[in-house]
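Reminder that position 120 of the sequence shown reads as 230 in the numbering used here, one-by-one numbering, no gaps.
Heads up, the beta-carbon is just placed ideally off N, CA and C, and yes, glycines get one too.
A quick write-up on the structure given underneath.
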Amino acid sequence: MSVIGLQAFGSMAGDSNTAKTASSRRHFDRWSAGYERDKAVLCTTSFHHSPDPKRAVAEMARVLVPGGRIVIADMVADRVIMRAFDRILRHTQRSHVGCQRSGDLVRLLRAGGFSQPTRRPLLRGFFAIVAARRADSTSDA
Ligand SMILES: C[S@@+](CC[C@H](N)C(=O)[O-])C[C@H]1O[C@@H](n2cnc3c(N)ncnc32)[C@H](O)[C@@H]1O
111 MSVIGLQAFG SMAGDSNTAK TASSRRHFDR WSAGYERDKA VLCTTSFHHS PDPKRAVAEM
171 ARVLVPGGRI VIADMVADRV IMRAFDRILR HTQRSHVGCQ RSGDLVRLLR AGGFSQPTRR
231 PLLRGFFAIV AARRADSTSD A
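Right, dumping it as structure tokens:
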């Protein structure tokens with residue numbers, strides 16, 4: 111088994127918002143060039159930095175083999191208190207784009223060609239692990 115860890119540099123540092131968005135887009139649009147066709151993608155505590163969640167999911171689908179597993183573990187905006195915290199983070203952390211609700215993560219994965227989604231809340235619902243498999247075709251998602 112090989113494990114590839116990717117670290118996006120720069121986007122959490124203090125560039126202007128425009129530079130941050132351009133940088134974020136670049137990372138999430140093509141974050142695994144050279145390591146294509148993997149069996150699993152694990153995205154931990156990072157998805158809330160994606161300025162274009164649909165595109166990020168499409169990129170994860172692109173690099174997975176059919177049946178490959180995607181796991182997104184992140185803070186989620188399911189609870190009112192977390193939505194307030196999310197708003198604060200958007201103003202205080204330049205790379206923070208926004209937390210998803212866990213149900214929206216499931217919908218994003220389904221729409222992006224993933225099937226058999228599971229959703230597991232953690233830390234009293236502040237965090238969730240959402241997992242799915244890349245469908246062979248979008249028709250069985
Ligand atoms: C809270 S840290 C989590 C790090 C690691 N994944 C973990 O679980 O320990 C958030 C990570 O998101 C990365 N990040 C920030 N903006 C990003 C972007 N636009 N695209 C990809 N990664 C990004 C940061 O570099 C940072 O490593």
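- Going by DSSP, V173 is part of no beta strand (DSSP E) but of the alpha helix (DSSP H) stretching over 163 to 173.
- Take M170, set aside five residues on each side of it, and the residues of its chain with a beta-carbon closer than 8 Å to its own are V151, C153, I180, G222, in chain order.
- Take R230, set aside five residues on each side of it, and the residues of its chain with a beta-carbon closer than 7 Å to its own are A238, I239, in chain order.
- Every beta strand (DSSP E) of 3 residues or more that sits fully in the stretch 167 to 230 is shown, in chain order, as 174 to 185.
- Look at T155: its beta carbon is less than 6 Å from one of the heavy atoms in ligand 1.
- When DSSP states are grouped into helix, strand and coil, R147 belongs to the coil group.
- By the neighbour-count definition (other C-beta atoms within 10 Å, threshold 16), D188 is a buried residue.
- Approximately 17 Å separates the beta-carbon atoms of R220 and V186; this is outside 8 Å, ruling out the contact.
- Look at S205: its beta carbon is less than 6 Å from one of the heavy atoms in ligand 1.
- Rounded to whole angstroms, M192 and L218 show a C-alpha spacing of 20 Å.
- In this structure P176 is exposed. Its beta-carbon is surrounded by fewer than 16 other beta-carbon atoms within 10 angstroms.
- Distance from the CA of V207 to the CA of D246, rounded to the nearest whole angstrom, comes to 31 Å.
- Scanning D214, D184, L215, C209 for the CA closest to the CA of F195 turns up C209.
- DSSP places F236 outside both helix and strand once states are collapsed to three, so it counts as coil.
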